[in-house]
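One point on numbering: in the UniProt record's numbering, the residue at position 154 of the sequence shown is 154, and numbering is uninterrupted.
Cβ atoms here follow ideal geometry from the backbone N, Cα and C, with glycine treated the same way.
For reference, the structure is listed below as structure tokens.
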Amino acid sequence: MVLRYFYDLMSQPSRAVYIFLKINKIPFEPKAVALRKGEHYSDEYKKVNPFSLVPVLDDNGFILTESVAILKYLVAKYNLPEHWYPKTNLQAQARVDEYMNWQHWNTRLKSAYLFRNLLIEPKALSRPVDWDKVEQFRTEVKKTVKFLENVWLKDQPFLCGQEISVADILGICELIQLYAVNEEYLYEENSVVKAWMDRVKERLQPHFDEAHKLTYRTREMYPMIKEQLAKL
Ligand SMILES: N[C@@H](CCC(=O)N[C@@H](CS)C(=O)NCC(=O)O)C(=O)O
1 MVLRYFYDLM SQPSRAVYIF LKINKIPFEP KAVALRKGEH YSDEYKKVNP
51 FSLVPVLDDN GFILTESVAI LKYLVAKYNL PEHWYPKTNL QAQARVDEYM
101 NWQHWNTRLK SAYLFRNLLI EPKALSRPVD WDKVEQFRTE VKKTVKFLEN
151 VWLKDQPFLC GQEISVADIL GICELIQLYA VNEEYLYEEN SVVKAWMDRV
201 KERLQPHFDE AHKLTYRTRE MYPMIKEQLA KL
């Protein structure tokens, strides 16, 4: 039985599932999909995912989209440890669900829009960075970081309790996207959030760094990219 995984490591939810597969030693056939080359718009890929998005899991013909659904499916299928996504404690499970629902419009939306406005859109559309918009999203990211500190991480080391869960993997993969565009000060200046990120990273190594090689490389190239964008 083959588990095939379609992903692009520049995609935050793709990295979350990738790290999760690795950390739990789940064997899979990697199917990299290069979003920058538009491979997700090919007819072949649309047969896998008509939404033209990554990530996608193909479990012997059972196709599943949406990182949250994929993570929950993997926990159940491989009977993974309770802390990733609680089974017996209904309220603990609901708390993880609560974060995963919250993050779509918060950690993910705000960080992804900032990243998009600094890099993806100016590059793809050959137009200068809209600095007013960037400032708006910086403010939004700061608000999200404050919520992480004052709500999710209030009195606990991980987003949903005393132990790491899938929520932490999703959350850190969204925030770290900002490192690629030199905006990491937005979360690093918050000591509670920074300590949480360090804690989560440590638990996910060496897979965290492996999954983020492309993010780190983008960061190295960002000063040059920024110079090019300034000339548009
Ligand atoms: N809610 C989805 C989001 C999937 C998604 O937005 N993927 C992005 C990459 S992060 C994508 O494939 N974008 C391609 C495009 O918009 O053209 C999940 O969590 O899996």
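Taking the alpha helix (DSSP H) that residue i falls in, what are its first and last residues?
i, result
"residue 45", "43 to 48"
"residue 112", "109 to 115"
"residue 142", "131 to 147"
"residue 214", "213 to 230"
"residue 170", "166 to 175"
"residue 248", "Examination of residue 248 is not possible in this model, given that the chain is present from 1 through 232 alone."
"residue 101", "90 to 103"
"residue 201", "191 to 204"
"residue 26", "Note, residue 26: premise wrong, no alpha helix (DSSP H); not H, not E."
"residue 184", "Here residue 184 belongs to no alpha helix (DSSP H), and DSSP marks it neither H nor E."
"residue 122", "121 to 125"
Report yes if the CB atom of residue i is closer than 9 Å to the CB atom of residue j, and no otherwise.
i, j, result
"residue 127", "residue 232", "yes"
"residue 84", "residue 150", "no"
"residue 13", "residue 54", "yes"
"residue 211", "residue 15", "yes"
"residue 141", "residue 178", "yes"
"residue 157", "residue 105", "no"
"residue 59", "residue 33", "no"
"residue 152", "residue 99", "yes"
"residue 123", "residue 229", "yes"
"residue 114", "residue 218", "no"
"residue 19", "residue 204", "yes"
"residue 70", "residue 80", "no"
"residue 168", "residue 200", "yes"
"residue 148", "residue 101", "no"
"residue 94", "residue 87", "no"
"residue 6", "residue 22", "no"
"residue 67", "residue 2", "no"
"residue 161", "residue 92", "yes"
Please list the terminal residues of the continuous beta strand (DSSP E) segment that includes residue i.
i, result
"residue 63", "62 to 65"
"residue 6", "3 to 7"
"residue 30", "29 to 32"
I believe residue i touches residue j by the beta-carbon criterion, under 8 Å. Please report the beta-carbon distance rounded to the nearest angstrom.
i, j, result
"residue 107", "residue 144", "6 Å"
"residue 96", "residue 166", "7 Å"
"residue 222", "residue 182", "6 Å"
"residue 26", "residue 78", "6 Å"
Contact the segment 158 to 174 vs the segment 131 to 142: 3+ CB pairs below 8 Å: no
Residues whose Cβ lies closer than 5 Å to any heavy atom of ligand 1, in chain order: 11, 13, 53, 54, 66 and 67
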